[in-house]
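Accompanying notes for the structure given below.
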Amino acid sequence: MNPHRTDLRHTARQRCKGTALLTVLFTLILALCTGFAVRPAHAEEPDTTTNTDQAAKPGVSITVNSMTPVITPSSGYKLNLTVTNNTDADVDHGSIDALTNFTYNFISRTDLQEWAEGRGQIPLPDLLVTLHVPRIAAHKSVTVNSSLPASEQILKQFNSWGPRPLALDYRSDDGAQTSTLHSFVTRSQDGLQGERTPQLHMTMLMPLTAGDWSLDETTLKALRADRSAKTHASAIAALDSKSAEALRAKDQLMQRFPHVQTLADPQALATLQTPHTQALMQPADFDITRYSYAGNANGYVNAGVPLSSWASSSSVQTLRTVLNDGTAERPVYAMQGVGAWNTEALDTARMQGYDTVIATHDFDDQDDTAAHTGVYRVPTAHGDVTVMATHPMLSQLAAGQATSQQAQAETNTAGRLQRFIAQSAFYQMEQPYQNRCLLVSFGPDSSAANVSTFMGALQEASWLDLTDLETLRASEPYMSGDDAAAVADTTTVDPAVYDTATLNTTLTTLAHTRRDLQHFNTSVLLADGSMPGDSAAQAGDANNTKPGNGDANDTGDANDNATSDDSGDALGALQWSNRWLQAHDELALLSLNANTARSSALTVATQAMVDYLRQGIGLTNPTNVNVVSESASLPVTVTNSLPYPISLRISSRTDSMEIVTSRFVDVNVPPDSEAPATLEIRVSTSGTTVANQELVNHEGVPLSGIHTTTITSSLQISDKSGIVFIIIAVLLGIVGLWRQFHRKKDPDE
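Sequential numbering from 10 applies to the sequence shown in this note's numbering.
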């Protein structure tokens, strides 16, 4: 512990006993003599890059569980701390002094950052409260708290508003352990003398989106078994109960904090049931910046993600469907993905109907030294785009991240809130008469508890005016025209974040699974829902196996040919097959979500869809077949659990040239039924072989796993061998006759 800080603790206690003037004089002299003075101010924004080398834990550490974020005439001051013993030995009783400086004003952002990181040297002559800490066992923690009523005289010493430094100084009674934690305490303007300056406008944004989507097994089963239109393809993806409840909890905050601005992902609206949202983002939080950078439009289309799937109009249409209101409207803003909002990406967004986007990172005038309105008007080939950029530091704190690894008090919500309140107050004092509006985003992963804590504190921040997104959008832009375009194009990110190799792999996989579904629909499923000719299998008859997939002979609408259903809303075979493609495309869109950490899992889910559809048809075959003649039959059965008829082939191969089966047999199977088929076996010798059978479509694409049958031939005298004996007998007869006519007669005959 710093010896000067120990002296300050002592003088602070003396000051509270009535020697205020002498203590202040002594402190000032001490500061001048020892260099314990205010560090010089710097104008630039501090570098908040974190150091990957984590400092070793101190012997005793302090964590702020809760603290009064804004001191008002009626708030009082409450403090709840956890003190942890990180050593192998018990720590003696001790105390924590909450020290501040009632008259100190931070003069730069660097000043605040250095204090937060424990590097600032500011005299702290004022003792707010002392908390007594009991003995702490090794590797254990204790919780201490204090509550000062609003009438406490020490709180009246805050006679000017703004942020003040706060140090929590711990010292064990035996002096063996000391620890200091730097934070902030902020006094509001309420109840103080003096003229108030204009408020700083601030918009608090809460994105409602999720990245942990997964395949819904219940919907998948219904897609295959049910022909009812009540099963929607959009339900193929679902959130687990924990994630869904977290979304609903944040959505319900609107009723408590009307100033929080929700920006909802249309795909999450059904989960929210009755969404309270002021605006919408692009469907599935699709990563537009990555799309623009990749330059692979055909790859996206082949994967099942055409331009229409993530257009602005699609978001509004989803809202209307969820609300069952054909006239429902909300403004739609495009959220930033992993990449940069350069002019190319902005033009892509504008082309898709987004005239306003939100920049959550890497978009700001880096040469500017003061907090300013984060609104830019950027011209693009398809029209101007309004960029609303979030404030980096305030959004970082609101989203649950410390400004640096050295800012130890910012490791939890309470500490980050103290810094947020102090920082926002400083921004207002920095340019008190400048009309500015800052955008702050909580981030997609912020919990409802985190948002609630911040919004509750901001309601007490008299220097802030909480506004909505439309007010922010209508603000005077900080830059426009070529100047704004220059900012957009000089904003760069590491190309590695786009990860185009993984993207291309994902698109290729999605295109493959979608093509498999299309092949099944066109080459296996009878799209008109009727059986061509006999429903029984016709071995070797290819004329009865042409699928009705848009053939010139197919007539009538799929709806007209749909089999009747008790529900009265049955789908035709073509509609039923298209629903599978829609479900696939829903998963494909979600797998390209900017917030999805499990995109590979969703990509795998599309293959699971294809496999499950194919499992609706099956092949039953005998395990062994014994053959005792040169020809025999191998009976198999094809089952169809789908609600529509199918047409396919049975493929069979053996590993022998002497024992073979029919190469292909065409089969038509009615819905929810089965059909027998026969494979012809031909043998020319005794022996054993294995026949591999599988179901394929009419293009030869496998539809099932390989089924094996062991064929054993015990060939006796067959027809061919009999012919051989006859030929030999004839030859012998001819030879005998020849000898009979050509032999010499015996003279005695």
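Even for Gly, the Cβ is constructed at its ideal location relative to N, Cα and C.
Predicted model only: the values in this text are computed from it and were never measured.
Residue j beta carbon less than 8 Å from that of residue i
i	j	result
F435	F463	no
S812	G696	No answer is possible for residue 812: it lies beyond the span of the chain, which begins at 10 and ends at 758.
P216	A288	no
Y621	R233	yes
I80	V194	yes
V138	L88	yes
A458	L535	no
V705	S660	yes
L478	Q326	no
D371	T509	no
S252	A273	no
V384	D364	no
A244	N602	no
L224	L256	no
Residue i (DSSP reduced to helix, strand or coil)
i	result
L657	strand
P67	coil
A242	helix
Q186	coil
R359	helix
R180	strand
R118	helix
R144	coil
K251	helix
R339	coil
R428	helix
M618	helix
L31	At L31 the pLDDT is 37, less than 50, meaning the model places this residue with poor confidence and gives no usable figure here.
I690	strand
Y507	helix
T531	helix
G696	strand
E683	strand
S321	helix
I668	strand
N74	strand
N311	helix
S722	strand
Residue i - partner residues in DSSP beta bridges
i	result
Y385	V396, M488
A288	L272
Q702	S661, H716
H210	C446, D474
S150	T93
T629	T646
P267	In the DSSP output, where bridge partners are listed per residue, P267 has none listed.
H191	A176
K87	S156
V460	None, per the DSSP bridge assignment.
A368	A398
Local Cβ density within 10 Å of residue i, reported as buried at 16 or more and exposed below that
i	result
M402	buried
A306	exposed
D450	Rather than Asp, the amino acid found at residue 450 in this sequence is Ser. Buried.
S404	buried
K259	buried
A343	buried
I131	buried
A52	With a pLDDT of 34 at A52, under the threshold of 50, the predicted position of this residue should be treated as unreliable, though the coordinate-derived value follows. Under this definition A52 is an exposed residue.
I732	exposed
D664	exposed
L741	exposed
T719	exposed
P172	buried
A379	exposed
G304	exposed
G313	buried
M666	exposed
N633	exposed
Subject >> At least 3 beta-carbon pairs within less than 8 Å: the segment 140 to 152 vs the segment 119 to 126 >> reply: With the cut-off at 8 Å, the segment 140 to 152 and the segment 119 to 126 do not touch.
Original post:
Do the segment 737 to 748 and the segment 637 to 649 touch if we need at least three Cβ pairs shorter than 8 Å?
Top reply: Pairwise C-beta distances place the segment 737 to 748 out of contact with the segment 637 to 649, as fewer than three of them are shorter than 8 Å.
Original post:
Per the contact definition of three or more C-beta pairs closer than 8 Å, is the segment 683 to 694 in contact with the segment 710 to 717?
Top reply: No, they do not touch.
Subject >> Segment contact, 8 Å Cβ cut-off, at least three pairs: the segment 163 to 179 with the segment 97 to 112 >> reply: The segment 163 to 179, when compared against the segment 97 to 112, does touch it at the 8 Å Cβ threshold.
Original post:
Does the pairing of the segment 415 to 431 with the segment 68 to 82 give three or more beta-carbon distances under 8 Å?
Top reply: When C-beta atoms of the segment 415 to 431 are compared with those of the segment 68 to 82, three or more pairs fall below 8 Å, so the two segments count as touching.
Original post:
If you pair each beta-carbon of the segment 346 to 355 with each one of the segment 483 to 500, do three or more pairs fall below 8 Å?
Top reply: Yes, since at least three Cβ pairs between the segment 346 to 355 and the segment 483 to 500 fall closer than 8 Å, the two stretches touch.
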